[in-house]
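Following: one structure in structure tokens, then a few remarks.
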């Protein structure tokens with residue numbers, strides 16, 4: 106009887122250790138995801154500032170900027186008002202088809218959060234950009250377990266053309282980091 110109770114405590118200790126380990130991994134993943142979202146929001150605001158600076162620049166002014174988008178960002182796009190919202194499926198379709206958006210607002214949609222739009226000094230034309238769902242792979246699973254979510258990189262070219270700022274890809278999608 107004594108041997109059975111000892112094995113019971115060993116087994117209970119292993120289960121408790123696994124539970125604590127899984128909770129720690131979950132917390133690390135959520136923290137890294139929140140940090141990636143915050144970095145993306147900072148870069149979104151930098152994008153807004155670049156556009157506003159170009160609005161007051163001469164025609165032909167150009168600036169390049171690389172933005173890294175967290176996997177939870179469904180899309181970044183221009184809009185004619187701050188209420189235009191797309192579903193995740195619509196955004197994925199627009200990103201894959203390379204559609205452009207137009208307006209004097211720049212908007213960002215993060216999964217599970219409200220749409221955030223910022224007013225611009227002039228109209229802009231830009232492609233829809235955002236994180237595309239990744240295919241399942243062992244390396245992506247390991248990265249998620251290590252707390253590193255996927256980040257999509259876009260190198261954008263901002264160019265002032267008369268009364269509008271035109272944004273294009275320098276290179277469309279880079280490899281996921």
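Residue numbers (our numbering): 106 to 282. Don't be surprised by glycine CBs; every beta carbon is placed ideally from N, CA and C. Bear in mind that the values here come from a model prediction, so they are computed numbers and not experimental data.
message: Quick check on residue 203: does DSSP put it in helix, strand or coil?
response: coil
message: Is there a Cβ of chain C sitting closer than 8 angstroms to that of residue 141, yes or no?
response: In summary, chain C is missing from the structure at hand, where a single protein chain is found.
query: Run through DSSP, which three-state label would residue 140 get?
result: helix
task: Consult DSSP for residue 239 and reduce its assignment to one of helix, strand or coil.
output: coil
- request: Have a look at the DSSP bridge pairing and note the partners of residue 219.
  value: Paired residues: none, contrary to the question.
field: Unbroken beta strand (DSSP E) run spanning residue 181, endpoints
entry: 178–184
- prompt: residue 109: buried (16+ other C-beta within 10 angstroms of its C-beta) or exposed?
  reply: exposed
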